[in-house]
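Notes follow the structure.
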Amino acid sequence: MVASSPRKRRWGSTIRKIYPAIGIIILFALWQATVSLGIVPEFLLPSPGAVFRALVGDGPLLFSHSIISVQEALLGLLLGSLLGVALAMTMEYLPLVRKMFYPLMIVSQTIPTVAVAPLLVLWFGYGIEAKVVLIILMTFFPIAMGILDGFDSVDDDQIRLLKTMGAGPGQILWYVKLPQVVPHFFAGLKISAAYAIVGAVIAEWLGGSGGLGVYMTRVRKSFAFDRMFAVLFVISALSLLLLKGVDLLHRMATPWRRDETRPKGPTSL
């Protein structure tokens, strides 16, 4: 059996990208039909055209608010990632710490974010500090859990083999544990990246001078639902861009994965 040609693989990749586009077109067509036929009044559900006009009309304003939210999200994601890595590494090499604080880390995720946000505002005020702390609380957990799962999946036989060869803890970490942990880390980072923008918006609901959450609060109070939908599209687009950035970083950090998945040319089975 001859392996598929590069042209066929490219064509298959293109087809896979077309299906989501068709789904989006169908969704927008149903949305437009729902409004045009009067099934839902337009003042409750603006048409796609109205949302697009709001998106274009408020484009500069949305851009300026997006800059603020993205800065908060990136800073919170960076600090949350560092916290998640530090916690996971500490729990890996200090089993007593893991026994003591792992259950508390799980419990921390059962507390609603909306309930914590007002307390952060009381403690840190309406500046960027409260927003960044909230994003940290939302983003550190997936990363810490991903790294811990990566450590748990390491083959103990490989560790014993390296120890018999005289390898130290640093060499075991570098040659055995890290290659196993890195994919789990980026899987958690993708989840945290999706949380980062949402966390920034939630934090901005409570107050501030700028950000997509502040913009959303203002247009909601004025019942401008077309602008509400416009900012939702902006939030989704920013989250997707951030996820794409994490995926690109993953590819750069693990070049061996590209070598493994790269086609070797026609072969016979």
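All residue numbers for the sequence shown refer to the working numbering, where the first residue is 16 and numbers rise by one. We put the CB at the ideal spot given by N, CA and C, even for glycine.
(request) Using three-state DSSP, classify T269 as helix, strand or coil. (result) Taking the first residue of the sequence shown as position 1, residue 269 is located at position 254. T269: coil per DSSP, three-state reduction.
(message) If you measure between the beta carbons of L227 and V216, is that distance less than 7 angstroms?
(response) For the purposes of this step, residue 227 is taken as the residue at position 212 of the sequence shown. For the purposes of this step, residue 216 is taken as the residue at position 201 of the sequence shown. Yes.
(request) Using only alpha-carbon positions, find the residue among T269, V197, A211 that is nearest to F155. (result) Taking the first residue of the sequence shown as 1, we reach residue 155 at position 140. Considering only T269, V197, A211, the residue with the shortest C-alpha distance to F155 is A211.
(request) Could you tell me whether the segment 171-179 touches the segment 58-65, where touching means 3 or more Cβ pairs closer than 8 angstroms? (result) No, the segment 171-179 does not touch the segment 58-65.
(message) Threshold first: 4 residues or longer. Then list the alpha helix (DSSP H) segments lying entirely within the segment 150-217, N to C.
(response) Listed in chain order, the complete alpha helix (DSSP H) runs (minimum 4 residues) inside the segment 150-217 are 171-179, 184-187.
(message) Mapping the DSSP letters down to three states, classify Y117 as helix, strand or coil.
(response) Looking up residue 117 in the sequence shown gives position 102. Three-state DSSP puts Y117 in a helix.
(request) Using a threshold of 7 angstroms, state whether the C-beta atoms of L94 and I151 are closer than that. (result) Counted from its first residue, the sequence shown places residue 94 at position 79. Counted from its first residue, the sequence shown places residue 151 at position 136. Closer than 7 angstroms, so yes.
(message) For V8, which residues in the same chain have their Cβ closer than 6 angstroms to its Cβ, ignoring the five residues on either side in sequence?
(response) What is shown of the chain runs 16 to 284, which leaves residue 8 out entirely.
(request) Can you tell me which of the three DSSP states G95 falls into? (result) By 1-based counting over the sequence shown, the position of residue 95 is 80. In the structure shown, the three-state DSSP call for G95 is helix.
(request) For E144, name the three-state secondary structure that DSSP assigns. (result) The residue given as residue 144 occupies position 129 in the sequence shown. Reduced to three states, the DSSP call for E144 is helix.
(message) Can you tell me whether K192 is buried or exposed? The criterion is at least 16 other CB atoms within 10 Å of its CB, across all chains shown.
(response) In the sequence shown, residue 192 corresponds to position 177, counting from 1. Answer is buried; the Cβ neighbour count reaches 16.
(message) If I follow the unbroken alpha helix (DSSP H) through P63, where does it start and stop?
(response) In the sequence shown, counting from the first residue as 1, residue 63 sits at position 48. Counting along the chain, the alpha helix (DSSP H) containing P63 begins and ends at 63-72.
(request) Measure the beta-carbon distance from L253 to S81 and round it to whole angstroms, keeping in mind my assumption that it falls under 8 angstroms. (result) On the sequence shown, residue 253 is found 238 positions in, with the first residue counted as 1. On the sequence shown, residue 81 is found 66 positions in, with the first residue counted as 1. Confirmed, Cβ separation roughly 6 angstroms.
(request) State the Cα-Cα distance for the pair I30 and F43, rounded to the nearest angstrom. (result) For this step, residue 30 is matched to residue 15 along the sequence shown. For this step, residue 43 is matched to residue 28 along the sequence shown. Using only the alpha carbons, I get a separation of about 20 angstroms.
(message) For P133, count the other beta carbons within 10 Å of its own beta carbon; 16 or more makes it buried, fewer makes it exposed. Which is it?
(response) In the sequence shown, residue 133 corresponds to position 118, counting from 1. By the 10 Å Cβ count, P133 comes out exposed.
(request) In the DSSP assignment, find the unbroken alpha helix (DSSP H) run with G53 in it and report its ends. (result) Taking the sequence shown and counting its residues from 1, one reaches residue 53 at position 38. Premise fails: G53 is in no alpha helix (DSSP H) and is neither H nor E.
(request) Run the CB neighbour count on L97, radius 10 Å, all protein chains shown included, and call it buried at 16 or more, exposed below. (result) Residue numbering aside, residue 97 sits at position 82 when the sequence shown is read from its first letter. Around the beta carbon of L97, fewer than 16 other beta carbons sit within 10 angstroms, so the residue counts as exposed.
(request) Report the rounded CA-to-CA distance for G214 versus G183, giving the unit in angstroms. (result) To locate residue 214, count along the sequence shown from 1; it is residue 199. To locate residue 183, count along the sequence shown from 1; it is residue 168. Cα to Cα, G214 sits roughly 41 angstroms from G183.
(message) Going by beta-carbon coordinates alone, are T105 and V197 separated by less than 7 angstroms?
(response) Numbered from 1 along the sequence shown, position 90 holds the residue referred to as residue 105. Numbered from 1 along the sequence shown, position 182 holds the residue referred to as residue 197. Between T105 and V197, the C-beta gap is not smaller than 7 angstroms, which leaves the two residues out of contact.
(request) Return helix, strand or coil for Q124, following the three-state DSSP convention. (result) What you label residue 124 is simply residue 109 of the sequence shown in a count that begins at 1. Here Q124 sits in coil by DSSP.
(request) Inspect the beta-carbon positions of K146 and A218 and report whether they are closer than 7 angstroms. (result) The residue you call residue 146 lines up with position 131 of the sequence shown. The residue you call residue 218 lines up with position 203 of the sequence shown. Contact flag set, yes.
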